[in-house]
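From first to last, the protein sequence lines stand for chains R and B. Heads up: the first sequence begins at 2 in our numbering, then just goes up one per residue. Heads up: the second sequence begins at 245 in our numbering, then just goes up one per residue. Here a beta-carbon is modelled for each residue, glycine too, at the ideal position from N, C-alpha and C. Working notes, structure below.
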Amino acid sequence: MSWLPLWLACGLLTFLIRYSFIALEGRYRPPGWFVRGLPFVPIAALTAIVVPELLLITGQVELGANNPRFWAGLVAIAVAAGRKNTLLTIASGFAALWLFNWLH
Amino acid sequence: MRSIINGAPAGSAPAGRHNGSFGLPVTMSSAAAFLLGIRALLPMLLGVAPFGVIYGVVALQSGIPPLAAFLMSSLVFAGSAQFLLAQLVGAGAPALLMVGAVGLINLRHALYSASVAPVLAPLPRRWKLLLSYLLTDEAYAAAIPHLLAEPRSPQAHWTLFGAGFALWFGWQLATLAGVLAGSQLPAGLGLDFALPLTFIAIVVPLIDSRARLAAALVAGTVAVVLAALPYKTGLFVAALAGLAAGALMQKSARQ
């Protein structure tokens, strides 16, 4: 695997996303559907990554005692909903994971 | 990774030095504005530093060489995307899909770009390039109260530079520490769980309407149903389905 070209491609794309509206300011107005869709991007993209990580074990949906990540994820979701604190969410999720792993 | 996509900055504005409201004193020097940005960002490093260390550890566990893992922090410079990239490298995904996944994750930065664009419009291009590179969740959250304040200091961009620089420097140090310590830590801790946990911390506070809840539910369900597709391509379909569901529901709620 050649790391440098891959990192450069990812970095350039990330930069262009951040530069996009700053570069175009005053010269271009994005279409309405694009502006309406933008707020949903992080929710849809990140949830699509998280949910399979929590529910699936080797491709199968597992919601029982043998899936500590599912239960630890629920704890983290509850903490995130109640406290909106990034560090606390991550810490409680790890604490729950290690506790469930230890109990199992 | 605090998130401010709803417009309300998660970072607290620094106390003092206010000109009645949130604004900087209009006469503030560029150096003072730069330091103000650094001070606004420092509390966020408490959350970012452990995240950076864990990234370094996870990258090594995915088989990425230490130097490449460290260089990713300056070449890509996007925490959640770096986590995902490390995971996809570990899963043996094709390069094109990895670039696409990074783009999808970082598309939220277009929101910040649109938000700060009117403020940066009068600046020379070298400033726009520099501040675009540094435009992260945290730097935006720390600087936006000062950037959008009225009356705005003509040096307000130095505050965004200070916040962006502080985060950049902290992120480099933290990932370096993770890369150096990575081989010492046991693999059984499940540190890669930091990725879903971080995303939970970002997403859950964002879900404040039925349309946003619909976007999350549809994206999550489709992602599970399509999980068997090769190289996580189901992730794209799921994200687009969630996006469409949220936008359509919001549109129908307005009519």
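If we cut at 9 Å on Cβ distances, does B/V423 have a partner in chain R?
-> On the second sequence, position 179 is the one that residue 423 of chain B refers to. Not one chain R Cβ lies under 9 Å of B/V423.
Do you know offhand how far B/T229's Cα is from B/V360's?
-> Since the first and last residues shown for chain B are 245 and 499, residue 229 of chain B lies out of range.
Quick one: does B/A354 have its CB under 9 Å from some CB of chain R?
-> Along the second sequence, read from residue 1 onward, the residue named residue 354 of chain B stands at position 110. Interface residue, yes.
Within its chain, find whatever has a CB closer than 6 Å to the CB of B/P310; leave out the 5 residues flanking it on each side and keep chain order.
-> The residue given as residue 310 of chain B occupies position 66 in the second sequence. V423, listed in sequence order.
Do B/A313 and B/L319 have their C-beta atoms closer together than 9 Å?
-> Indexing the second sequence from 1 puts residue 313 of chain B at position 69. Indexing the second sequence from 1 puts residue 319 of chain B at position 75. Contact flag unset, no.
Counting pairs of Cβ atoms below 8 Å between the region 320-335 of chain B and the region 354-370 of chain B, do you hit three or more?
-> no
Closest Cβ-Cβ distance between R/A45 and chain B: below 9 Å?
-> For the purposes of this step, residue 45 of chain R is taken as the residue at position 44 of the first sequence. So yes, R/A45 belongs to the interface.
Alpha carbon to alpha carbon, how far is B/Y377 from R/R19?
-> Your numbering for residue 377 of chain B matches position 133 in the second sequence. Your numbering for residue 19 of chain R matches position 18 in the first sequence. Taken atom to atom, the span from the alpha-carbon of B/Y377 to that of R/R19 is near 7 Å.
Any C-beta of chain B under 9 Å from that of R/W103 = As a first step, residue 103 of chain R must be located in the first sequence, where it is residue number 102. Between R/W103 and chain B, the shortest Cβ-Cβ separation is not below 9 Å.
Cα separation between B/L492 and B/A383?
-> On the second sequence, residue 492 of chain B is found 248 positions in, with the first residue counted as 1. On the second sequence, residue 383 of chain B is found 139 positions in, with the first residue counted as 1. If I take the Cα positions, the gap works out to 31 Å.
Going by the beta-carbon positions, is the gap between B/P449 and R/L88 smaller than 9 Å?
-> Counting from 1 along the second sequence, the entry for residue 449 of chain B is found at position 205. Counting from 1 along the first sequence, the entry for residue 88 of chain R is found at position 87. Not in contact: B/P449 and R/L88 (Cβ atoms no closer than 9 Å).
Using 9 Å as the limit for Cβ to Cβ distance, is R/L39 near chain B?
-> Position 38 of the first sequence, counting from 1, holds the residue named residue 39 of chain R. Cβ-Cβ to chain B under 9 Å: yes for R/L39.
Integer-rounded CB distance, given that R/L56 should sit under 8 Å from R/F71 | The sequence position of residue 71 of chain R within the first sequence is 70, counting from 1. The sequence position of residue 56 of chain R within the first sequence is 55, counting from 1. At roughly 6 Å, the Cβ-Cβ gap stays under 8 Å, so R/F71 and R/L56 are in contact.
Of all Cβ atoms in chain R, is any one closer than 9 Å to the Cβ of B/R396?
-> Within the second sequence, the letter at position 152 stands for residue 396 of chain B. So no, B/R396 is outside the interface.
Mind checking which residues open and close the alpha helix (DSSP H) that includes B/D381?
-> As a first step, residue 381 of chain B is located in the second sequence; it is residue number 137 there, counting from the start. 381-391 is the span of the alpha helix (DSSP H), which, as asked, contains B/D381.
Apply the 10 Å Cβ neighbour rule to R/W8 and answer buried if 16 or more other Cβ atoms are within range, or exposed otherwise.
-> Along the first sequence, one-based indexing puts residue 8 of chain R at 7. Its Cβ being crowded by 16 or more others within 10 Å, R/W8 is buried.
Can you tell me which of the three DSSP states R/L7 falls into?
-> If you number the first sequence from 1, residue 7 of chain R lands on position 6. Looking at R/L7 - three-state DSSP - the assignment turns out to be helix.
Cβ neighbours of B/K372 in the same chain (closer than 8 Å, five flanking residues each side left out) = The count along the second sequence starts at 1 and reaches residue 372 of chain B at position 128. Cβ within range, chain order: L364.
Top-ranked residue by Cα proximity to R/V36, from B/A385, B/A497, B/L487 | Within the first sequence, numbered from 1, the residue matching residue 36 of chain R stands at position 35. Cα-wise, what sits closest to R/V36 is B/L487.
Do three or more CB pairs link the region 386-401 of chain B to the region 413-432 of chain B at distances below 8 Å?
-> no
Looking at R/F22 and B/A354, is the spacing between their C-beta atoms short of 9 Å?
-> Here residue 354 of chain B is taken as the residue at index 110 of the second sequence, counted from 1. Here residue 22 of chain R is taken as the residue at index 21 of the first sequence, counted from 1. Inclusion of B/A354 and R/F22 in the CB contact set at 9 Å is warranted, their separation being smaller than that value.
What do you get for B/R352, buried or exposed, if any count of 16 or more other CB atoms within 10 angstroms of its CB means buried?
-> As a position in the second sequence, residue 352 of chain B is number 108, starting the count at 1. Buried, since its Cβ has 16 or more Cβ neighbours within 10 Å.
Whose C-alpha, out of B/A339, B/V466, B/G408, B/A418, is nearest the C-alpha of B/A277?
-> The sequence position of residue 277 of chain B within the second sequence is 33, counting from 1. For B/A277, the nearest C-alpha among the options comes from B/G408.
Would a check of beta-carbon distances place R/E63 closer than 9 Å to chain B?
-> Residue mapping note: residue 63 of chain R aligns to position 62 of the first sequence, counting from 1. False, the Cβ-Cβ gap to chain B never drops below 9 Å.
Using CA coordinates, which residue listed in B/L280, B/A482, B/A284, B/G323 is at the minimum distance from B/V297?
-> For this step, residue 297 of chain B is matched to residue 53 along the second sequence. It is B/G323.
Return the bridge partner residues of R/L57 from the DSSP annotation.
-> By one-based count along the first sequence, residue 57 of chain R stands at place 56. Bridge partners of R/L57: R/V62.
So, R/V62 versus B/V447, is the Cβ gap smaller than 9 Å?
-> Mapped onto the first sequence, residue 62 of chain R falls at position 61. Mapped onto the second sequence, residue 447 of chain B falls at position 203. Not in contact: R/V62 and B/V447 (Cβ atoms no closer than 9 Å).
For B/F405, is the beta carbon positioned less than 8 Å from some heavy atom of the ligand FAD?
-> Summarising the ligand content, the structure contains no ligands, and the ligand FAD is consequently not present.
When the cut-off is 9 Å and only beta carbons count, does B/T419 lie next to chain R?
-> Numbered from its first residue, the second sequence carries residue 419 of chain B at position 175. For B/T419, the answer is no, since every Cβ of chain R falls outside 9 Å of its Cβ.
Could you check the C-alpha separation between B/A455 and R/P43 for me, to the nearest Å?
-> In the second sequence, the residue the question calls residue 455 of chain B occupies position 211. In the first sequence, the residue the question calls residue 43 of chain R occupies position 42. C-alpha separation (whole angstroms): 13 Å.
Which class does B/S256 belong to by DSSP, given the choice of helix, strand or coil?
-> The residue labelled residue 256 of chain B in the question sits at position 12 within the second sequence. Any answer about B/S256 is weak, because its pLDDT of 40 lies below 50 and its placement is not dependable; what the coordinates show is given next. B/S256: coil per DSSP, three-state reduction.
Note down the Cα distance separating B/V481 from B/V466, rounded to an integer number of angstroms.
-> Your numbering for residue 481 of chain B matches position 237 in the second sequence. Your numbering for residue 466 of chain B matches position 222 in the second sequence. Cα-Cα distance, rounded: 8 Å.
Can you tell me whether DSSP reads B/I282 as helix, strand or coil?
-> For the purposes of this step, residue 282 of chain B is taken as the residue at position 38 of the second sequence. If DSSP states are grouped into helix, strand and coil, B/I282 belongs with the helices.
Examine chain B for any beta-carbon lying closer than 9 Å to the beta-carbon of R/A66, and answer yes or no.
-> As a position in the first sequence, residue 66 of chain R is number 65, starting the count at 1. Not closer than 9 Å to any Cβ of chain B, the Cβ of R/A66 fails to qualify, so no.
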